[in-house]
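Some notes on the structure that comes next.
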Amino acid sequence: MKKELIRFLLFTCIVTLFLGVCFTSADFFAIPVAGVKDFLVVAAQWAMVMVALFLLCVGLASFRGLFAIGLPLLTLASATLAWFRWTLNATLTPMILDAALENDWRTSGDLISVGLVGGLFLSLWVAGGLVYYRWRKITLRRPLLPFVCGVVGLVGLMQVFALRRPISERIPFTLYFSTVRYWQEKQIAQEERIDLTAGAHCEEEELTVVVVLGESVRPDHLGLNGYSRNTTPRLAKEEALVSFPAIYTEQTYTNRSIPHLLTRADSSDYERAYTEQSFISLFRACDYYTVWLANQEAANTYVYFMNECDSLFHVNIDKSSYVFDRWVDGDLLPLLDEALRVERPRKLIVLHTIGSHWWYNSHFTDDYAQFQPIVKSKVISSCTQEEMINSYDNTILYTDYFLSEVINRLRDRKAVLLYQSDHGEALGEEGVWLHAAETPYTHQAAGFVWLSPAYEQAHPSRLAILRGNASRPYRTDYLFHSVLDAGGIQSPYFDASLSVWRSNEGI
Ligand SMILES: [Zn+2]
């Protein structure tokens, strides 16, 4: 019996080392070390995760049937996570899970490569060998005891507060814990929403408010913010446009950012993004015609807000990860024209754009492929930084065209436009690409306000106040209150200190 157990534990150690060295180690190589001491600290952290992994493997290997199913699945998941950690420096978060499961198969599909498929086959081949060995060569007459010890030991270890996070955010444990967080967030998103319309009233007789939700546009790549390339030649000519180059977004992924932008959610109370209605309901309560024009598909986290509108229209619903043709925001313009023709004196139009989303080349037309060479491969690791930035800047150039077309349609009306990108984008800094990852570049989001001559005439002091506030740092919390203020909506929930339209001297 004793010999049998020792043999089992030795086998489990080999399985642990297979998973730990081949996959979990991917989470540790990116940690910068400045000497032997640092290296030992990192090695100790890795060893701690190995203890948890060993307990998991003891539980899994105690029954050979469980092992035959569990190890290949665990290997597949771990190898996939490790591949993206190696190639994109990406770690699994609920946001990335959301993209993979719900919203963004485009991105997910683009990440599949020959290297990934080959790595998965090789990993499965090794796992198959271990399953065979366990089935044929390891005998365990009392499997329940190691099973209980493994499970209880692992659950007990995860109760230690100091160990919980370092383990739960590493391969393979991140798979389970990110999934749990993802489902918890889903539950919150489906709850009843708090109505904030009580006491709301509007001072404007006639007005068109346009809110453009941008995508992945970082402020330092806009010519009008001083970028060395002239990526915004049209917008830069607009006299009544005020850019806010220092807007910080808490959220770095569309599904989490949009609810934050549209509601009273702020960094101290993000729950509001999941419990309260957005500013759209306040506009509706004040007899605005409200419409959402979407060039991005709905996601569970913000589909509620899309349906707060009187009308909802989509373009490009046929686009998928396997269709690489054009997918541009200019397709929204005919819908915008329709919305502007609706005979209601007050209108709120929300445009949800595809902007600068990866795969960049789909989101600008040939006329705007000004910066060359552009990316040629959908596998990010095969692209150079120069190509990535060129393609990205071409999307900005196209956005400049699109927004100037929107402005041209508003110029002769009493109208105001607020543009806010949902988050920024990492362009290879420290080896990180795209968004959802934690970098300073994903937290910076471009934003600006434009007013028509008729609006400026009706509110003569407002442009000067905007200009006075332009250099102030804002969080995206500003948007809810600034949109209400732009629309002349009074509400007990309005906070003047967060509005870009108010002079905040002394606040
Ligand atoms: Zn986004």
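Under the working numbering, the letters of the sequence shown match residues 1 to 507, in that order.
Cβ coordinates follow ideal geometry from the N, Cα and C atoms, glycine included.
Annotation for glycine 214: the continuous beta strand (DSSP E) segment containing it runs 207–214.
As DSSP reads the structure, threonine 290 sits in a beta bridge with Leu348. Going by DSSP, tryptophan 450 is part of no alpha helix (DSSP H) but of the beta strand (DSSP E) stretching over 447–451. Shown in chain order are the residues whose CB sits closer than 7 Å to a heavy atom of ligand 1: Glu215, Ser216, Tyr253, Thr254, Ser257, His357, Asp422, His423, His435. The three-state secondary structure of valine 51, taken from DSSP, is helix. Rounded to the nearest angstrom, the Cβ distance from arginine 64 to arginine 134 is 5 Å, consistent with a contact under 8 Å. Judged by beta-carbon spacing, leucine 207 lies within the 9 Å limit of valine 416, meaning their Cβ atoms are closer than that value. In the DSSP assignment, phenylalanine 313 forms a beta bridge with Leu293.
With the rule of 3 Cβ pairs closer than 8 Å, the segment 274–292 counts as touching the segment 195–211. Burial state of glutamine 277 is buried, judged by a 10 Å Cβ sphere holding 16 or more other Cβ atoms.
Within the segment 136–197, there are no complete beta strand (DSSP E) runs of at least 3 residues. Partner residues in the beta bridge of leucine 417, as assigned by DSSP, are Val210, Trp450. DSSP places leucine 241 outside any alpha helix (DSSP H); the residue lies instead in the beta strand (DSSP E), whose first and last residues are 241–243. Fewer than three Cβ pairs drawn from the segment 17–28 and the segment 145–165 lie within less than 8 Å of each other, which leaves the two stretches out of contact. For threonine 254, the enclosing alpha helix (DSSP H) has its first and last residue at 254–262. By the criterion of a C-beta distance shorter than 7 Å, phenylalanine 67 is surrounded in its chain by Leu60, Ala61, Val131, Arg134, once the five residues flanking it on both sides are discounted. The residue among Asp310, Asp393, Arg346 with its C-alpha nearest the C-alpha of valine 217 is Asp393. Annotated as proximal: serine 499 and serine 482, with beta-carbon spacing under 9 Å. Note that the C-beta distance between isoleucine 247 and alanine 446 is below 9 Å. Following the DSSP letters along the chain, one finds glutamine 385 inside the alpha helix (DSSP H) bounded by residues 385–410. The three-state secondary structure of leucine 124, taken from DSSP, is helix. By a beta-carbon distance limit of 8 Å, leucine 76 does not contact leucine 92. Their separation comes to about 14 Å. Note on lysine 237: under 16 other CB atoms within 10 angstroms of its CB, so exposed under the neighbour-count rule.
With fewer than 16 other Cβ atoms inside 10 Å of its own Cβ, glutamine 184 counts as exposed.
Valine 375 is positioned such that its CB atom lies closer than 9 Å to that of tyrosine 360. Distance between aspartate 477 and phenylalanine 371, taken at the CA atoms: about 34 Å.
Setting aside the 5 residues that flank it on each side, threonine 254 is surrounded in the same chain by Asp422, each with a C-beta closer than 6 Å to its C-beta; the list follows chain order. Residue pairing of isoleucine 489 in beta bridges, as defined by DSSP: Cys202. Note on serine 452: 16 or more other CB atoms within 10 angstroms of its CB, so buried under the neighbour-count rule.
Secondary structure of glutamate 276 (DSSP, three-state): strand. Here serine 381 is near serine 113, since their CB atoms are less than 9 Å apart.
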